[in-house]
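Take -7 as the starting number for the sequence shown in the numbering used here and just add one per residue.
Below: the structure, in structure tokens.
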Amino acid sequence: MATVPGQLVWEIVKRNNCFLVKQFGRGNAKVQFSKESNNLCNLNSYKHSGLANKKTVTIQVADKEQGVVLGTTKTKKQNKPKLSVNKCVLKKEFRRMAKAVANQVVNNYYRPDLKKAALARLSVISKGLRVAKSGPKRRNRQA
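Right, here's the structure in full:
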């Protein structure tokens, strides 16, 4: 099977695809979002696109465990979508997970331009997974 260059795929897909969400403000499209699974920032741009790029990074919540799934795509398996994603479950504290994400994304020369977006996504997901402390709430005694 012949591979198609990412720029050509992006030119075909950028204005009309099933993942595109357009937010209208005062008659014209101001911001375009994307609901792709491999899009870290959910923005409709070539840099963040999971459809046009061969190397993509995704960070999602694990199903049953209280952890985070770090997924990267394999460049050799582009024609087999199920086998093309390399998933790793992270169940450590935040600093160790951040170090693991940074090592995978930047230090392996995978996609160093996505480091900031990956760490931001990891931060938001890990804050959502935290369990609130139980016990009575303390009242402020200042009146």
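Cβ coordinates follow ideal geometry from the N, Cα and C atoms, glycine included.
- Distances from the CA of T67 to each of L114, R122 and K47 were compared; the closest alpha carbon is that of K47.
- By the Cβ test, the segment 113 to 130 is not in contact with the segment 97 to 105, since fewer than three Cβ pairs between them sit closer than 8 angstroms.
- Rounded to the nearest whole angstrom, the C-alpha separation of K69 and V23 is 33 angstroms.
- Residue range K107 to L121 is occupied by the alpha helix (DSSP H) that includes G120.
- For T64, the number of other beta carbons within 10 angstroms of its own is at least 16, and it is reported as buried.
- Here I51 has L32, V60, V61, L62, G63, V93, A110, R113, L114 and I117 as same chain residues with Cβ atoms under 8 angstroms from its own Cβ, once five neighbours each way along the sequence are excluded.
- The beta carbon of F86 is closer than 7 angstroms to those of S118 in its chain, skipping five residues each way along the sequence.
- One alpha carbon belongs to Q96, the other to N36, and they sit about 24 angstroms apart.
- In the structure shown, the three-state DSSP call for N95 is helix.
- In the displayed model, F25 falls within a strand according to three-state DSSP.
- In summary, S41 is buried, with 16 or more beta-carbon neighbours lying within 10 Å of its beta-carbon over all protein chains present.
- In the three-state DSSP reduction, F86 falls in the helix class (H, G or I).
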